[in-house]
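S.K.:
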Amino acid sequence: MRAAAYTGPGRAAEVIGFRDVEAPAAGPGEVLVRVGAVGLNPVDVKIRAAGHDFGAIRYSDRPGWDVAGTVVAVGDGVTGWAVGDAVFALARFPEAAHTLAELVAVPAADLAAAPRAWSTAQAGAASLAALTAWQALDAAGIGADRDARVLVLGGAGGVGHVTVQLAKARGALVIATASPAKQDLVASWGADEVIDYRDESALAAIGAVDAVIVTVSDTLPPRGAVDAGTAVITITGFSAAQEAELRSWGADPVQRILVAANGAQLAEIAALADAGRLAVHLDAEFGFDDLAAAQERVESGRVTGKVVVIVDPDA
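Each residue of the sequence shown is one higher than the last, beginning at 1 in the working numbering.
This is how it looks when you write it as structure tokens:
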């Protein structure tokens, strides 16, 4: 089969190529998926450029973690899946998964039925971002059983736009930051208030919130948003000095999360999608042969929502 591969670390256009590899089989506990679409995330471009592991995230010269497609075989011990099922997953993360290929073997525990309300492209783009948002809200203690105020820093990004919607689905009042050009779009996803991330006076007027979800690098929440017991969850990490400062303000917990593959959570996310409560905004779709251009789009830092690669439009 045909699979994407890196020749080494470096710029996308210089190191991304394709190779013919032996097609995988569905091992025990696995499902073989014909790949329709694969979402790209900042981690994809960072690990390609560096050419090595990022902490627990395993580098491979065969990229890809998000996937949506069709089941073509099931391995021993697998129940609940049949040939022809439309599925999506964050496969094996943070281990290597090799989803940017025509076929991929995925642990059955990582899979969920693709939402009927979404296209294959949307399902392929969703998993890492949606699970990150879900698990960040869990870490912050934001559930449907509490009346919470949540601040999302970076409300128009891949994780941010899903976080806005999931927080609303859990009953929170949601405040989000975005550039002026994207504020109407973020509001359309359910944000109760959208603030220009450069407007210091508006940021200062937010007042204390129950949780801050930080989806952009090297960004601290505004001082007035953090009070004793405010949960501050980041997907990119804080320096030791930044974490100490947040704790001095009373933030608790202060936590960086690393998303984990979880098919059961994806099934809950899919249910929200089919209920019309969650959408995935596609910034751009690229063909498989245009993988380098797709990664360059992610690297540009100008993405609204998600970038997706269509491997097989018929899968």
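Virtual Cβ for every residue (Gly too), placed ideally from N, Cα, C.
Fair warning: this is a prediction, and the values are worked out from it, not measured in the lab.
Going by beta carbon distance, what residues of the same chain come within less than 7 Å of GLY237, once the five residues before and after it are set aside?
M.R.: ARG256
S.K.: At a cut of 8 Å, does the region 13-31 reach the region 125-139 through at least three beta carbon pairs?
M.R.: no
S.K.: State the Cα-Cα distance for the pair PRO24 and ASP145, rounded to the nearest angstrom.
M.R.: Roughly 44 Å separates the two Cα atoms.
S.K.: Using 8 Å for Cβ pairs, my map puts ARG62 next to ALA121. What's the rounded Cβ distance?
M.R.: So it is not a contact: roughly 22 Å between Cβ atoms.
S.K.: For the alpha helix (DSSP H) holding GLU14, just list the boundary residues, first then last.
M.R.: 12-15
S.K.: Would you be able to state if there are at least three C-beta pairs under 8 Å between the region 301-309 and the region 137-154?
M.R.: no
S.K.: Let me make sure I understand the geometry here. Which of GLU245, SER248, ASP218 and TRP81 has the alpha-carbon closest to that of LEU111?
M.R.: The shortest Cα separation from LEU111 among GLU245, SER248, ASP218 and TRP81 belongs to TRP81.
S.K.: Can you tell me which of the three DSSP states ARG321 falls into?
M.R.: The question about residue 321 has no answer, for the chain in this structure spans 1 to 315.
S.K.: Which value, in whole angstroms, describes the spacing of the CA atoms of ARG108 and ASP76?
M.R.: Position check: residue 108 holds Ala in this sequence, whereas Arg was assumed. In a straight line, the C-alpha of ALA108 is about 11 Å away from that of ASP76.
S.K.: Use the C-beta contact count for ALA205: other C-beta atoms within 10 angstroms, 16 or more gives buried, fewer gives exposed.
M.R.: Around the C-beta of ALA205, fewer than 16 other C-beta atoms lie within 10 Å, and the residue is accordingly described as exposed.
S.K.: Compare the beta carbon distance of ALA123 and ALA202 with 7 Å and say whether it is the shorter of the two.
M.R.: no
S.K.: Which of the three DSSP states is assigned to PRO107 in this structure?
M.R.: In this structure, PRO107 counts as strand in the three-state DSSP scheme.
S.K.: Considering only C-alpha positions, which residue in the set TRP189, ASP210, ALA176 and ALA208 is nearest to ASP198?
M.R.: It is worth fixing the name first, because residue 198 is Arg in this sequence and not Asp. Checked all of TRP189, ASP210, ALA176 and ALA208; the closest Cα to ARG198 is ALA176.
S.K.: Between the region 231-250 and the region 261-276, can you find at least three pairs of beta-carbon atoms closer than 8 Å?
M.R.: Contact fails: fewer than three Cβ-Cβ distances are below 8 Å.
S.K.: Could you tell me which residues DSSP pairs with THR177 in its beta bridges?
M.R.: ILE195, per the DSSP bridge assignment.
S.K.: Between the region 186-200 and the region 157-171, are three or more C-beta pairs nearer than 8 Å?
M.R.: yes
S.K.: Pick out whichever of PRO115, ALA49 and ALA105 has its Cα sitting closest to the Cα of ALA275.
M.R.: PRO115
S.K.: Just tell me which of GLY171, ARG19, VAL78 and ALA148 has its CA closest to the CA of GLY207.
M.R.: ALA148
S.K.: What does a CB cutoff of less than 6 Å around TRP249 pick up in its chain, not counting 5 residues either side in sequence?
M.R.: VAL226
S.K.: Buried or exposed for LYS306, please, with buried defined as at least 16 other CB atoms from any protein chain shown within 10 angstroms of its CB.
M.R.: Under a 10 Å Cβ-count criterion, LYS306 is classified as buried, with 16 or more other Cβ atoms of the shown protein chains found around its own Cβ.
S.K.: Given this structure, state the Cα-to-Cα distance separating THR79 from GLU95, to the nearest angstrom.
M.R.: 23 Å
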